[in-house]
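In what follows, a structure is listed as structure tokens, so that the remarks can point back to it.
Protein chains: 2
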Amino acid sequence: MRSLLFPVSFFILLQVDAQINFSQFVNPFIGTQRMGHTYPGATVPFGMVQLSPDTDTISYEKDGKYNGEVYAYCAGYQYDDPTIVGFSHTHFSGTGHSDLGDFLVMPTTGDLQLNPGVAANPASGYRSAYSHENETAQPAYYKVLLEDDSILAELTATTRVGFHRYTFPETENAHIILDLMHGIYNYGDKNVWTFIRVENDSTVTGFRQTSGWARTRTVYFAMVFSKPFYQYGHKKYDPSVYRGFYRKFDETRNFPEMAGKQIRAYFDFKMTEGEQLLVKFALSSVSTEGAMKNLEAEVPDWDFDRVVKEGQAEWNRELGRVQVETLTPEDKVTFYTALYHTYLSPTVYMDVDGNYRGLDQNIHQAEGFTNYTTFSLWDTYRALHPLFNLVQPGRNADMIKSMLAHYNQSVHPMLPVWSHYANENWCMIGYHAVSVIADAAIKGNDHFDLNDALDACVNTANYGPFDGISWYRDLGYVPEDKNGSSVSKTLEYAYDDWAIAQLAKKAGRDDIYLEFMKRSENYQNVFDPVIGYMRPKLADGSWKTPFDVLSTSGQGFIEGNAWNYSLYVPQNIPQMIDLMGGKKRFSSHLDSLFTMHLADEHFKETEDITRDGIIGCYVHGNEPGHHIPYLYNWTDQPWKTQAEVRHIMRTMYASTPDGLCGNDDCGQMSAWYVFSALGFYPVCPGSDQYAIGSPMVKSAIIQLENGKSLEIRVENQSEDHVLLKEVRFNGEKITGNFLHHEMLTAGGLLTFIMKK
Amino acid sequence: MRSLLFPVSFFILLQVDAQINFSQFVNPFIGTQRMGHTYPGATVPFGMVQLSPDTDTISYEKDGKYNGEVYAYCAGYQYDDPTIVGFSHTHFSGTGHSDLGDFLVMPTTGDLQLNPGVAANPASGYRSAYSHENETAQPAYYKVLLEDDSILAELTATTRVGFHRYTFPETENAHIILDLMHGIYNYGDKNVWTFIRVENDSTVTGFRQTSGWARTRTVYFAMVFSKPFYQYGHKKYDPSVYRGFYRKFDETRNFPEMAGKQIRAYFDFKMTEGEQLLVKFALSSVSTEGAMKNLEAEVPDWDFDRVVKEGQAEWNRELGRVQVETLTPEDKVTFYTALYHTYLSPTVYMDVDGNYRGLDQNIHQAEGFTNYTTFSLWDTYRALHPLFNLVQPGRNADMIKSMLAHYNQSVHPMLPVWSHYANENWCMIGYHAVSVIADAAIKGNDHFDLNDALDACVNTANYGPFDGISWYRDLGYVPEDKNGSSVSKTLEYAYDDWAIAQLAKKAGRDDIYLEFMKRSENYQNVFDPVIGYMRPKLADGSWKTPFDVLSTSGQGFIEGNAWNYSLYVPQNIPQMIDLMGGKKRFSSHLDSLFTMHLADEHFKETEDITRDGIIGCYVHGNEPGHHIPYLYNWTDQPWKTQAEVRHIMRTMYASTPDGLCGNDDCGQMSAWYVFSALGFYPVCPGSDQYAIGSPMVKSAIIQLENGKSLEIRVENQSEDHVLLKEVRFNGEKITGNFLHHEMLTAGGLLTFIMKK
């Protein structure tokens with residue numbers, strides 16, 4: 188038996204080795220197959236630019252007609268596709284809706300083709316066949332051989348600049364296509380207006396304005412080539428007429444102002460064999476002037492290799508905040524790719540000078556913080572932002588400042604629900620920004636005015652017109668006959684209200700604390716003790732009848748059913764267990780959940796998920812259940828949590844392109860993995876408590892921003908040793924199934940001792 | 188016989204009486220009937236806001252269907268129309284193409300109607316019947332009784348703010364319609380995107396983005412009501428879907444963020460009998476924040492009457508720069524309305540803080556000047572800008588600075604051709620900005636860097652891709668088979684080149700002077716000595732055959748024919764007369780021009796003109812002939828100029844709504860009248876020379892910005908005394924038929940002595 192006595196040296200701060208190339212453990216292809224909705228392209232941590240290949244944006248039939256399918260292309264890339272359309276500069280990571288895909292650039296040679304063509308016949312357009320054998324994806328670097336024209340494409344990026352390097356064969360007819368019609372679609376054509384200015388023979392600026400998931404969105408660009416084009420032009424695909432040209436210009440060729448709803452431009456070069464054409468492509472939400480400033484500040488020269496190196500060094504720094512050893516090399520790839528995915532969003536959303544376009548469409552200055560966008564809060568409040576409080580507290584504080592700025596610009600006013608690019612898209616339910624704020628505040632990461640933040644939370648929670656809130660306030664629940672998904676909303680509002688109460692307590696506002704603690708009990712109003720499940724209630728107080736506890740369609744839930752959503756009272760799990768008949772009966776409920784067979788009729792209603800993505804009726808690919816495996820900790824059978832989370836880590840995650848069982852959802856799926864792999868999970872953000880699971884790693888060192896470090900050691904770790912014998916912190920045995928944030932961030936050694 | 192000796196007192200500077208209400212002599216209805224294309228609404232001199240009733244924007248059949256006719260509605264108002272659709276905030280004055288008409292506001296009561304309806308049945312929509320009896324138009328003030336709902340509408344404006352006052356009957360159902368679909372059309376629907384934010388219960392902001400004559404144009408607004416609305420909403424008329432609202436909001440009612448391609452909003456009030464609802468409506472080209480700043484700076488309170496008073500005081504000051512006495516009261520109205528029309532554009536185009544949106548769509552700061560837009564230069568270089576050099580030199584210098592800023596933002600780069608709202612619309616021909624710049628420089632109004640200005644002029648004149656310039660540079664003329672309207676272009680380029688030469692001379696750049704003096708002779712290349720007319724030449728050097736000297740269609744001219752356009756060599760009239768066979772033959776040509784009968788087939792081709800607008804083949808309603816009546820001054824028969832200009836003033840101008848015989852063209856038609864009425868005209872801008880005509884006024888005092896004043900006295904003036912006996916300046920007889928700018932601006936007394 189190993190000694191439980193630790194060497195003295197463990198109290199010495201452990202420094203992460205800055206020389207380790209953590210980027211080598213990242214496989215950006217993970218999640219690009221099936222429904223992960225990740226992208227393999229080049230980006231830096233939280234970068235504004237995500238420069239990545241799009242293999243398509245909507246599905247086509249063989250005849251090239253749109254078949255109505257866009258879902259697979261939320262991130263623009265599907266691993267099984269045989270062609271690449273081009274490289275666009277903005278991508279969500281893991282979302283279940285689509286937008287962005289701005290500014291597709293594609294190099295070609297030979298006869299000019301301005302249509303992308305179809306995958307079945309890449310020669311039909313500017314797209315190209317490619318092979319995974321000739322494709323490399325690393326953090327901040329992507330490379331692919333475009334086979335149609337034998338062009339080697341390499342991509343890298345800084346925060347605001349995409350950097351392309353194309354190696355051409357000898358040709359008199361090299362083209363760079365700039366397709367402003369391209370975009371990642373959800374509801375058909377999103378373009379509102381596009382604009383291109385040829386500033387000189389190697390500099391082009393412009394913007395793309397869309398109305399899609401973000402209703403009123405404009406992105407500006409500045410593009411600079413490493414050598415002058417000798418001619419250029421564009422084609423317009425919309426009927427808009429610019430009468431000014433009548434008798435004056437040939438608008439289509441070498442005319443430096445192009446605009447329209449649907450345009451594609453080209454820039455022509457003559458290239459010698461092996462000659463490289465570099466393209467710097469900067470973005471801005473403010474103006475083309477802002478894009479140009481970003482370009483000049485971030486990539487002042489043409490040293491592509493330096494930018495790759497610096498981008499990867501940045502990744503190494505950020506990934507190196509968590510240094511793990513794993514059972515297998517594949518596990519290390521799974522872990523670091525998960526960590527990589529948690530660092531892709533929210534994304535920086537301001538120019539180098541601090542200017543950004545706000546929710547009111549005015550230009551704002553971020554004073555004293557970095558402004559972020561892409562808040563997929565229904566997903567990310569669960570584990571991503573809590574993870575940031577551990578490994579990226581500074582950025583998380585800035586994200587909260589960004590949310591408060593959003594609130595200040597909001598006309599409702601409300602904190603963000605799901606917001607991106609100066610727009611609220613209102614996706615999903617709840618007002619979970621309050622959870623993110625409360626979690627940071629409770630964990631001491633409160634570099635914002637607590638009272639201002641509290642006011643923002645309270646006003647958000649009281650904004651009656653939003654999604655049944657007025658009913659919720661009046662009745663204590665959202666009535667299903669007035670507002671759908673009513674049980675999910677009631678449960679999540681009640682949790683959010685508890686989070687507000689915690690914030691109020693910290694701010695010393697007892698009246699608000701009491702008011703919102705009372706509201707946090709509203710989950711009781713949708714619990715039907717007769718059937719033992721949460722159940723939709725109508726405005727008249729009666730229960731919805733008939734009611735199907737397994738169906739996820741029209742039964743009062745969203746991305747869930749009564750079986751799994753009834754388990755959503757993170758703020759008062761003991762009381763939830765009591766409601767459901769006590770610990771024993773509750774454990775049985777959990778057992779059934781993980782072992783039952785979900786009938787096809789009910790599985791089909793489950794969004795975003797393949798059969799591999801469920802365990803019984805537990806749907807890991809959708810977020811409402813993410814805390815569920817940890818709930819055994821509140822029963823007398825915590826080992827079932829340990830077994831289940833290891834089971835999930837082993838079956839729902841892998842180091843391969845199909846390694847995500849559902850949408851990564853802006854890092855939430857990955858954050859679940861990172862926490863779980865480290866051995867604990869924030870079941871109830873807004874508390875300082877972590878539920879203990881079963882670590883996947885052999886060891887870990889978390890370098891904290893406070894200068895301290897947390898070392899995790901797992902004794903007796905093996906694939907078969909999934910159950911815990913005991914947990915110790917700084918040598919002292921942990922009683923119970925929980926850890927606390929303050930304890931961990933004080934630094935020290937957390938030891939998991941597995942049962943052999 | 189009156190003594191020709193003057194009292195000593197005439198040398199004393201004459202001060203315009205600031206107490207005189209010059210506004211009373213302005214009839215804003217002049218030009219609103221037929222083709223004048225003026226608007227009767229409220230604006231201040233050169234104001235950014237033109238708040239005016241629109242009686243329609245496109246013509247409808249009785250059944251409400253669009254009949255394809257928009258031309259009549261370039262200014263939104265046709266005097267003969269029986270209904271008013273509402274009041275929009277931007278209008279061109281006198282243009283022959285249409286745009287603007289932004290932000291239509293209309294007060295109604297009773298059942299909400301969001302469609303404008305049709306004129307034949309005003310009850311079919313929110314429009315209202317009205318009567319001219321209940322309508323008043325003054326500078327900076329407009330009033331009308333909207334008969335359908337008995338609402339008295341009053342409008343006034345500051346530079347950047349429209350101010351509405353609506354007096355309601357008692358109603359529980361008062362509506363203010365804000366129609367963002369409304370706009371003044373040219374090529375069908377122009378809306379690209381519109382956006383409304385309800386900031387609070389009485390403040391609304393937003394923008395309208397259009398692609399029409401200006402291809403990429405956005406105008407922002409801020410609207411504040413004098414009392415809170417109790418509800419509001421909007422209807423969307425385009426198919427764009429904002430999925431965010433799914434299950435979340437009723438988007439149509441009381442939802443404070445509205446956006447779409449086609450939306451109309453309403454704001455509801457309860458009103459007591461006679462209660463007044465005031466609406467302040469500010470514009471900005473920068474942002475809603477800018478609009479709000481403009482609003483707060485210019486109309487900080489709710490004192491409508493004060494704003495009217497101050498607006499009229501401003502008009503009195505500006506109109507009072509020229510104080511005239513006339514033969515009849517009607518003539519005074521004609522004169523002051525003409526002067527009023529010359530002060531409507533170019534329009535101020537920047538926020539109170541100096542910010543404005545530039546041609547590159549970036550935000551620029553006007554440093555040390557007021558930035559203007561709306562440059563209808565093919566029209567206004569002729570007399571409007573020369574008039575400004577006399578009566579508004581400070582503003583003219585700022586207009587030139589605005590044109591140079593445009594040049595600096597232009598990617599071609601070119602000075603404006605016809606530009607408005609951060610767009611070049613490329614309308615008409617020539618690069619006449621150079622004439623405006625040269626004219627100001629030559630006349631000493633050169634408060635800009637001469638060399639920078641010269642560079643801008645030279646680069647503009649050398650921009651090959653524009654409208655045949657490369658051919659013109661290579662061949663010395665524009666070949667008709669390569670570029671239409673080739674003779675007009677060649678003649679105008681040659682004149683513009685002469686203007687550039689004058690500027691070069693002043694700047695001491697002899698090389699450029701010589702180069703452009705040579706180019707200024709290019710008119711000779713399109714003169715066919717065999718037929719004695721300017722004639723289109725083909726690229727191979729041969730003349731176009733067949734050729735019709737009377738037709739205005741496809742014969743190498745624009746808005747003219749060989750008969751009148753052959754007279755366009757303002758820079759070298761003696762040589763032109765030589766080419767055309769000497770003074771005698773030239774006089775005969777002029778005589779024929781004014782007396783011939785233009786056959787119907789040729790008249791029909793004449794744009795924009797009614798039969799009343801022509802004298803023989805002289806088309807006063809189109810600009811290319813504006814100098815022609817003055818050309819007799821270069822022959823031995825100057826009295827024919829005197830007779831003809833009086834004839835034109837008497838027949839082509841009147842104090843009634845039909846008092847303009849053609850488009851006022853941003854004040855050019857009116858500027859012709861103002862000059863002619865004062866007795867002289869700038870036949871060749873860029874020279875300091877004025878050709879003497881026959882004054883219409885009895886006397887005038889022009890208060891110059893240099894502190895001096897020019898007094899004009901006309902002795903023996905009467906309706907019948909149209910010929911001059913002699914002209915004296917400061918008592919000294921003028922030899923010849925010309926005056927000079929420097930002489931006039933030194934101040935003094937100019938005396939016209941008419942033959943009895």
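These protein sequence lines map, in sequence, to chains A and S.
Number 595 in the numbering used here belongs to position 408 of the first sequence; there are no gaps in the numbering.
Number 797 in the numbering used here belongs to position 610 of the second sequence; there are no gaps in the numbering.
From the three backbone atoms N, C-alpha and C, an ideal C-beta is built for every residue, glycine too.
Keep in mind that this is a model prediction, so the values were computed, not measured.
Top-ranked residue by Cα proximity to residue i, from the options
i         : options                                    : result
Asp683(A) : Glu708(A), Ser779(A), Ser657(A), Tyr417(A) : Glu708(A)
Asp639(S) : Pro652(S), Tyr650(S), Ala625(S), Pro666(S) : Ala625(S)
Glu898(S) : His369(S), Phe939(S), Leu367(S)            : Phe939(S)
Ser285(S) : Arg352(S), Asn302(S), Lys630(S), Tyr258(S) : Tyr258(S)
Phe456(S) : Gln904(S), Lys912(S), Ala864(S), Pro356(S) : Pro356(S)
Ala627(A) : Thr219(A), His319(A), Ser874(A)            : Ser874(A)
CB contact flag (residue i, residue j, <8 Å)
i         : j         : result
Val348(A) : Glu554(A) : no
Leu926(A) : Tyr860(A) : no
Gly768(A) : Ser673(A) : no
Gln855(A) : Leu571(A) : yes
His619(A) : Trp685(A) : no
Phe979(S) : Asp518(S) : For residue 979(S) there is no data in the structure shown, the boundaries of chain S being 188 and 943.
Phe233(S) : Thr534(S) : yes
Asp473(A) : Val379(S) : It is worth fixing the name first, because residue 473(A) is Val in this sequence and not Asp. It is not a contact, given that the beta carbons lie outside the stated cut-off.
Phe382(A) : Thr403(S) : yes
Asn959(A) : Val736(A) : With chain A represented from 188 up to 943, any question about residue 959(A) goes unanswered, as that position is not in the structure.
Phe408(S) : Gly393(S) : yes
Asp668(S) : Ala726(S) : yes
Alpha-carbon spacing of residue i relative to residue j, whole angstroms
i         : j         : result
Thr782(S) : His776(S) : 10 Å
Pro603(A) : Asn360(A) : 48 Å
Gly800(S) : Gly281(S) : 15 Å
Pro811(S) : Trp605(S) : 16 Å
Leu577(A) : Leu818(A) : 22 Å
Asp298(S) : Thr459(S) : 17 Å
Cys965(S) : Leu531(A) : Missing from the structure shown is residue 965(S); chain S here goes from 188 to 943 and no further.
Where residue i falls: helix, strand or coil (DSSP)
i         : result
Tyr523(S) : helix
Gly273(A) : strand
Gln499(A) : helix
His551(S) : strand
Ala786(S) : coil
Thr405(S) : strand
Residues that residue i bridges to, as DSSP identifies them
i         : result
Thr343(A) : Phe350(A)
Gln463(S) : Thr354(S)
Tyr720(S) : Asp715(S)
Tyr559(A) : Val535(A)
Listed by chain order, chain D residues near residue i by CB distance under 7 Å
i         : result
His599(A) : In summary, chain D is missing from the structure at hand, where the protein chains are A and S.
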